[in-house]
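In our numbering, the protein residues as written are 2 to 659.
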């Protein structure tokens with residue numbers, strides 16, 4: 002059986018339907034410029050076209066033009082040779098010596114996508130509540146508009162969606178780490194798709210540049226399983242950041258959360274961090290990442306008191322360099338938390354540079370204005386120095402408030418959307434500079450969980466903390482995983498249990514980590530919530546599960562994903578999934594029975610190659626079995642107790658045709 006998720010000629014032929022570049026005046030950019038509507042780059046802009054190879058699989062076309070008034074347009078189009086993918090971004094610059102007329106309704110997409118009976122699959126992202134990470138499916142019978150709520154791109158609307166026609170499907174991603182908007186309007190031949198920054202009504206100052214979101218379109222033939230797995234394959238190859246040029250492997254994280262009873266990481270010292278690392282190592286548990294989160298700076302045990310970005314001189318008189326050195330000596334990556342955009346009263350930034358800060362009504366926070374070149378330059382240079390001094394390998398950035406009110410409050414007349422746009426450019430430049438100046442550094446994106454994980458952010462970062470919700474609520478996590486595995490397939494989980502003896506989930510209820518917690522945290526990266534001074538029994542369980550998790554995680558990062566059960570966030574349901582690595586002829590099936598599931602058994606229907614023999618192994622019990630692919634396709638039956646799980650790894654042997 003051929004690899005069903007391999008890109009085909011039929012897939013690649015769909016590029017012609019994905020708004021490809023043809024001629025400058027048909028570029029999908031539209032702008033209202035004063036009283037004129039500009040479409041594409043028209044003749045009076047004297048367009049020029051330049052094509053270049055970005056690598057062997059990516060061809061970039063750059064189209065530029067400038068009118069007599071000094072308004073310059075630049076559109077960047079990327080077409081892939083190994084996947085049916087197109088991408089568009091545009092830039093608008095004022096090259097004159099006076100303000101431009103008003104620019105409004107700036108859209109990087111305003112085009113028809115053709116096909117019969119369109120259906121939109123879309124989500125609400127991370128709402129920071131249990132109702133987040135939901136997906137919905139609707140026929141496009143009237144105009145549908147999607148946008149996030151507060152200036153963070155994944156709160157209330159998810160910037161990844163799928164448009165399905167009878168003939169084919171399109172995976173759509175929005176790259177805009179702020180307030181984007183897309184719409185789908187029924188048309189004679191399909192739908193009219195528009196996309197852009199939601200709020201634009203501004204003049205540009207002399208020398209100023211604004212940009213549009215990046216829109217990525219991927220076509221596919223066949224069913225949603227193919228669409229899902231073509232997206233995953235392209236994500237791993239072209240979107241997920243690399244570490245020193247290599248794919249990021251599975252990561253085990255350990256830390257000393259709330260050490261000495263202090264909130265978050267406000268209790269850390271050089272001594273207790275080195276002690277914690279030594280304690281885990283001595284008990285046979287080596288982390289890939291040593292995690293230091295909020296509270297390492299001067300804050301008087303109040304971790305949200307951000308704005309003084311240096312180590313606490315009382316708790317860390319030698320800084321974090323000795324901890325970073327300890328990590329490097331043991332092959333461990335030091336992760337360090339920052340939240341540079343939030344500034345609180347009585348901090349260094351608040352007191353020394355009020356001119357860099359934006360305020361909003363009834364909000365104690367200030368927003369560090371990354372549209373301000375002086376603020377941005379200081380932040381780049383200062384953080385770069387700390388990364389080098391502390392030997393940081395993973396820069397973790399959080400964002401625990403809503404920026405949109407700050408931008409609105411400060412944008413001024415006829416400048417709607419300008420500060421937001423320039424802030425976004427500053428944010429992306431900041432990260433690009435940190436990565437450029439620190440080879441091997443990678444970034445962890447966080448915003449009260451997963452509120453800022455749009456396409457542009459995910460090109461530069463990994464969401465090691467994709468939500469603040471439900472670490473130990475197993476059914477909630479299952480729903481979250483369902484979306485993450487499909488769209489942002491590298492993320493981290495926690496081995497927490499919040500359920501009590503009655504099966505009730507009580508947030509942040511602490512109880513020992515058990516087998517069910519480990520099974521419920523199967524993800525490419527994982528935090529073992531076992532404390533450094535846990536019992537020997539707890540450490541033995543952790544060490545027993547580590548090779549099982551690593552084997553599963555490696556397959557997750559190479560294999561295709563098949564959800565095998567509906568996911569309803571219910572403790573009465575089974576939860577099952579399959580990962581199949583066709584190149585390695587291996588995979589696994591996990592079936593989990595939640596605490597209130599009444600049925601004693603379940604039959605799932607995995608993806609299977611009828612011409613193969615599957616040799617299964619349960620690495621926890623040592624059991625093994627063999628099934629023909631034709632038999633497996635008819636159903637895989639499992640009976641397990643309540644609140645338990647089983648992982649069956651398999652290798653498949655392809656039977657040669659006689």
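Glycine included, every Cβ here is placed at the ideal spot set by N, Cα and C.
If you ignore the 5 residues before and after residue 261, its C-beta comes within less than 6 Å of the C-beta of 268, all in its own chain and listed in chain order.
Note on the segment 8-60: whole alpha helix (DSSP H) runs with a minimum of 4 residues are 10-14, in chain order. Residue 350 has its alpha-carbon roughly 16 Å from the corresponding atom of residue 304. C-alpha of residue 638 to C-alpha of residue 651: approximately 15 Å in a straight line.
Rounded to whole angstroms, residue 627 and residue 333 show a C-alpha spacing of 39 Å.
A direct Cα-to-Cα measurement between residue 278 and residue 291 gives close to 8 Å. Residue 221 counts as buried, since at least 16 other C-beta atoms from the protein chains shown sit within 10 angstroms of its C-beta. At a Cβ-Cβ threshold of 8 Å, residue 329 and residue 392 count as neighbours. The criterion of a C-beta distance shorter than 8 Å is not satisfied by residue 503 and residue 517. Excluding five sequence positions before and after residue 33, the CB atoms of its chain that fall closer than 6 Å to its own CB belong to 105 and 106, given in chain order.
Excluding its 5 nearest sequence neighbours in each direction, residue 252 has C-beta neighbours in its own chain below 6 Å: 289, 290 and 526, listed in chain order.
Across the structure, residue 297 and residue 318 are spaced so that their CA atoms are roughly 11 Å apart. The criterion of a C-beta distance shorter than 8 Å is not satisfied by residue 124 and residue 156. Three or more beta-carbon pairs separated by less than 8 Å link the segment 372-384 to the segment 342-361, which places the two stretches in contact.
Here DSSP, grouped into helix, strand and coil, assigns residue 458 to helix. Two segments are said to touch when three or more pairs of C-beta atoms, one from each, lie closer than 8 Å; by this definition the segment 243-259 does not touch the segment 145-160. In the structure shown, the three-state DSSP call for residue 470 is coil.
Sequence-distant Cβ neighbours of residue 92 in its own chain, meaning closer than 6 Å and more than five residues away, are 75, 210 and 212.
For the pair residue 72 and residue 95, the CB atoms are nearer than the 8 Å cut-off. In the three-state DSSP reduction, residue 433 falls in the helix class (H, G or I).
The shortest C-alpha to C-alpha distance from residue 394 to any of 356, 243 and 361 is the one to 243. Secondary structure note for residue 406: its alpha helix (DSSP H) is the uninterrupted segment 405-411.
In the structure shown, the three-state DSSP call for residue 549 is helix. Here DSSP, grouped into helix, strand and coil, assigns residue 186 to strand. When DSSP assignments are scanned along the segment 260-328, the uninterrupted stretches of alpha helix (DSSP H) that are 4 or more residues long and fall wholly within it turn out to be 271-283.
Within the DSSP secondary-structure output, residue 500 pairs in a beta bridge with 506. When secondary structure is reduced to three states using DSSP, residue 228 falls in the helix class. Put simply, the segment 489-496 touches the segment 458-469. At least three CB pairs are less than 8 Å apart. For residue 165, the enclosing beta strand (DSSP E) stretches over residues 161-165. Between residue 322 and residue 272 the beta-carbon gap is near 14 Å, outside 8 Å, which marks them as no contact. The straight-line gap separating the alpha-carbon atoms of residue 9 and residue 116 is approximately 20 Å. In the three-state reduction of the DSSP assignment, residue 599 falls in the coil class, being assigned neither a helical nor a strand state.
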